[in-house]
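Notes for the one structure printed next.
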């Protein structure tokens, strides 16, 4: 999060809307601990990362859907072990849960 | 009044301990409470009692430097019976704690390597040695602080800063320094105490410590002596890795071959394995 602040501040100062995705939970092998974060602005620009590169693409898509009002803030699970798992998984076989929301607070 | 994000960003940049609680599931989804030791909380999770309980728990998580998910009832219920018939509120507590500290006693070759590796791991590093010609900024530019003094006054002044995430590494391997440093470190809540030396030095040091009253198994068990994991490290840099790896293993409760748990000379030819 610390590394994201400068970019987030700049985006907000430019009047761009920003979504924030944070790892809240991991099960089994997971590349990043809770608190790993990435931010996506309404133009699709990205800072930070939440995995070893496995799920970032899907997180951008979800973040943009939230900014466009197509879906609500909430927890999204990535991993092989979950029935609702997205098409992308983690190569390490673990599960990570992310909370994605608009940064409007 | 500044937003929660602005207050959070300000605290993170100022390296002040702060925790952000976010409702990630349940009523008031997205609700936020920003808390810090001695600071007035900002925001709300939707109910004053939930705010109170989550605030209390988040301060404990922050002190341990942990982030994770916690469950409550919508009015802050926590016991299993109270949670039976209520919707569950899941909150994510994210902690930004100040960096853990590593205090290194003894300004030797191993110290520079250890300070370097500790910096990579995010420690705030202090190097301390009573010998003015060795404990210099020039020799330890990577350390956050270099002090020319004996161990005892350092612990007297600042020992109460040390907690479970912090480490004290005593590399002097001279009983004159080691014994008071070990005694003082044992009087703190520091999570890791490692003491360098050969098996011979270690045996003599334990005798000296016993003479000054360090005999309880609770105290002796806290000492990682000789310091480091048994990975066959030889150079100062390799030894630094073995020490830091031991600190990580102790914190995570992982069983790994520590030098303490073996016997025989520490440095042998290739192929040496734990035999004790």
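Protein chains in written order, with my numbering: chain E, 8 to 112; chain U, 44 to 319.
Beta carbons: idealized from backbone N, C-alpha and C, even for Gly.
Practice item. Return the CA-CA distance between residue 186(U) and residue 111(E), expressed in angstroms with no decimal places. Key: The sequence position of residue 186(U) within the second chain is 143, counting from 1. The sequence position of residue 111(E) within the first chain is 104, counting from 1. Their backbone Cα atoms lie some 39 Å apart in a straight line.
Exercise for review: Give me whichever residues DSSP pairs with residue 212(U) in a beta bridge.
Suggested key: Locating residue 212(U) in the second chain gives position 169, counting from the first residue. According to DSSP, which records beta bridges pairwise, residue 212(U) is partnered with 147(U), 237(U).
Exercise for review: Check the Cβ-Cβ distances between residue 48(U) and every residue of chain E, and say whether any is below 8 Å.
Suggested key: Here residue 48(U) refers to the residue found at position 5 of the second chain. With 8 Å as the cut-off, residue 48(U) counts as an interface residue toward chain E.
Point to revise | Assumed close pair residue 73(E), residue 107(E) - CB separation to whole angstroms, cut-off 8 Å | key: Taking the first chain and counting its residues from 1, the one referred to as residue 73(E) is at position 66. Taking the first chain and counting its residues from 1, the one referred to as residue 107(E) is at position 100. Contact flag correct, Cβ pair sits at about 6 Å.
Check your understanding: Do you know offhand how far residue 89(E)'s Cα is from residue 68(U)'s?
Key -> Walking along the first chain from the start, residue 89(E) turns up at place 82. Walking along the second chain from the start, residue 68(U) turns up at place 25. With a pLDDT of only 47 at residue 89(E), under 50, the local geometry of the prediction cannot be trusted, and no value is derived from it.
Review point. For the stretch 109 to 120 of chain U, which residues have a beta carbon sitting closer than 9 Å to at least one beta carbon of chain E?
Key: 109, 110, 111, 112
**Study point:** Own chain, CB closer than 7 Å to residue 109(U), minus 5 neighbours either side, in chain order
**Key:** As a working mapping, residue 109(U) is identified with position 66 in the second chain. Excluding positions up to five away in sequence, the list reads 138.
Review point. Which of helix, strand or coil does DSSP assign to residue 245(U)?
Key: Within the second chain, the letter at position 202 stands for residue 245(U). Residue state, collapsed to three classes: helix.
Practice item. Starting from residue 63(E), find everything on chain U with Cβ-Cβ shorter than 9 Å and list it in chain order. Key: The count along the first chain starts at 1 and reaches residue 63(E) at position 56. In chain order: nothing, as chain U lies at least about 20 Å away.
**Study point:** chain U within 8 Å of residue 82(E), Cβ atoms only
**Key:** By 1-based counting over the first chain, the position of residue 82(E) is 75. Yes, contact with chain U.
**Study point:** residue 159(U) CB to nearest heavy atom of the ligand ADP below 7 Å
**Key:** With respect to the ligand ADP, the structure shown offers nothing to examine, as it has no ligands at all.
Check your understanding: Do you know how far the Cα of residue 76(U) is from the Cα of residue 101(U)?
Key -> Walking along the second chain from the start, residue 101(U) turns up at place 58. Walking along the second chain from the start, residue 76(U) turns up at place 33. Rounded to whole angstroms, residue 101(U) to residue 76(U) spans 10 Å at the Cα level.
Review point. Alpha carbon to alpha carbon, what distance is there between residue 85(E) and residue 204(U)?
Key: Within the second chain, numbered from 1, the residue matching residue 204(U) stands at position 161. Within the first chain, numbered from 1, the residue matching residue 85(E) stands at position 78. Distance between the alpha carbons of residue 204(U) and residue 85(E) is about 39 Å.
Point to revise | Under 8 Å by beta carbon: chain U residues contacting residue 8(E) | key: Residue numbering aside, residue 8(E) sits at position 1 when the first chain is read from its first letter. Simply 55, 137, 139.
Exercise for review: Please confirm if residue 72(U) has its CB atom under 8 Å from at least one CB of chain E.
Suggested key: Position 29 of the second chain holds residue 72(U). Answer yes: the Cβ-Cβ gap between residue 72(U) and chain E drops below 8 Å somewhere.
Review point. Residue 112(E) by DSSP, collapsed to three states: which one?
Key: For the purposes of this step, residue 112(E) is taken as the residue at position 105 of the first chain. Coil, per DSSP.
Check your understanding: So which residues on chain E does residue 67(U) lean against when the C-beta distance must stay under 7 Å?
Key -> Residue 67(U) sits at position 24 when you count from the first residue of the second chain. Result: 31, 82, 106.
Check your understanding: Counting contacts by CB-CB distance shorter than 8 Å, is residue 52(U) in contact with chain E?
Key -> Numbered from its first residue, the second chain carries residue 52(U) at position 9. By this cut-off, residue 52(U) is an interface position.
Point to revise | 8 Å contact criterion, which residue 25(E) and residue 135(U) should meet: CB distance rounded | key: For this step, residue 25(E) is matched to residue 18 along the first chain. For this step, residue 135(U) is matched to residue 92 along the second chain. Residue 25(E) to residue 135(U), Cβ: 18 Å. No contact.
**Study point:** Beta-carbon proximity list for residue 47(E), same chain, < 6 Å, skipping 5 on both sides
**Key:** Mapped onto the first chain, residue 47(E) falls at position 40. 26, 53, 67, 70, listed in sequence order.
Exercise for review: Measure how close the beta-carbons of residue 11(E) and residue 56(U) come, nearest whole angstrom, since I'm counting them as under 8 Å.
Suggested key: Taking the first residue of the first chain as 1, we reach residue 11(E) at position 4. Taking the first residue of the second chain as 1, we reach residue 56(U) at position 13. At roughly 12 Å, the Cβ-Cβ gap does not stay under 8 Å, so residue 11(E) and residue 56(U) are not in contact.
Check your understanding: Going along the chain, which unbroken runs of the beta strand (DSSP E) with 3 or more residues stay wholly within the stretch 25 to 78 of chain E?
Key -> 25 to 34, 44 to 48, 53 to 55
Exercise for review: From the DSSP output, in three-state form, read off residue 58(U) for me.
Suggested key: For the purposes of this step, residue 58(U) is taken as the residue at position 15 of the second chain. Residue 58(U) falls in the coil class under three-state DSSP.
Point to revise | residue 137(U): first and last residue of the uninterrupted beta strand (DSSP E) it sits in | key: Reading the second chain from its first residue, position 94 is the one you call residue 137(U). Unbroken beta strand (DSSP E) run through residue 137(U): 132 to 139.
Review point. Does residue 83(U) have its Cβ less than 8 Å from a Cβ in chain E?
Key: As a working note, residue 83(U) is residue 40 in the second chain. Output row for residue 83(U): interface = no.
**Study point:** Expected contact under 8 Å - CB spacing of residue 44(E) and residue 57(E) to nearest Å
**Key:** Stepping through the first chain from its first residue, residue 44(E) is reached at position 37. Stepping through the first chain from its first residue, residue 57(E) is reached at position 50. So it is a contact: roughly 7 Å between Cβ atoms.
**Study point:** Cβ shell of residue 104(U) (< 6 Å), same chain only, five flanking positions each side left out
**Key:** The sequence position of residue 104(U) within the second chain is 61, counting from 1. Around residue 104(U): 136, 138.
Review point. In three-state terms, what does DSSP make of residue 166(U)?
Key: Taking the first residue of the second chain as position 1, residue 166(U) is located at position 123. Three-state result, residue 166(U): coil.
Review point. Quick one: which chain U residues come within Cβ less than 8 Å of residue 18(E)?
Key: On the first chain, residue 18(E) is found 11 positions in, with the first residue counted as 1. Simply none; closest approach about 12 Å.
Review point. I think residue 242(U) touches residue 298(U), with their Cβ atoms under 8 Å apart; what is that distance to the nearest whole Å?
Key: If you number the second chain from 1, residue 242(U) lands on position 199. If you number the second chain from 1, residue 298(U) lands on position 255. That belief does not hold up - the Cβ atoms of residue 242(U) and residue 298(U) are roughly 21 Å apart, past 8 Å.
**Study point:** 9 Å Cβ cut-off: residues of chain E touching residue 75(U)
**Key:** For the purposes of this step, residue 75(U) is taken as the residue at position 32 of the second chain. Within chain E, the residues near residue 75(U) are 112.
Review point. Could you give the C-beta distance for residue 212(U) and residue 145(U), rounded to a whole number, given that I count them as a contact under 8 Å?
Key: As a working note, residue 212(U) is residue 169 in the second chain. As a working note, residue 145(U) is residue 102 in the second chain. Right, the Cβ-Cβ distance comes to about 6 Å (below 8 Å), so this counts as a contact.
Check your understanding: If the cut is a Cβ gap below 9 Å, which residues of chain U does residue 71(E) touch?
Key -> Numbered from its first residue, the first chain carries residue 71(E) at position 64. Those within 9 Å of residue 71(E) in chain U number zero; the least Cβ separation is about 18 Å.
Check your understanding: Does the stretch 48 to 67 of chain U come close enough to the stretch 118 to 131 of chain U to have 3 or more Cβ pairs within less than 8 Å?
Key -> no
Point to revise | Three-state secondary structure (DSSP) of residue 81(E) | key: For the purposes of this step, residue 81(E) is taken as the residue at position 74 of the first chain. Three-state result, residue 81(E): strand.
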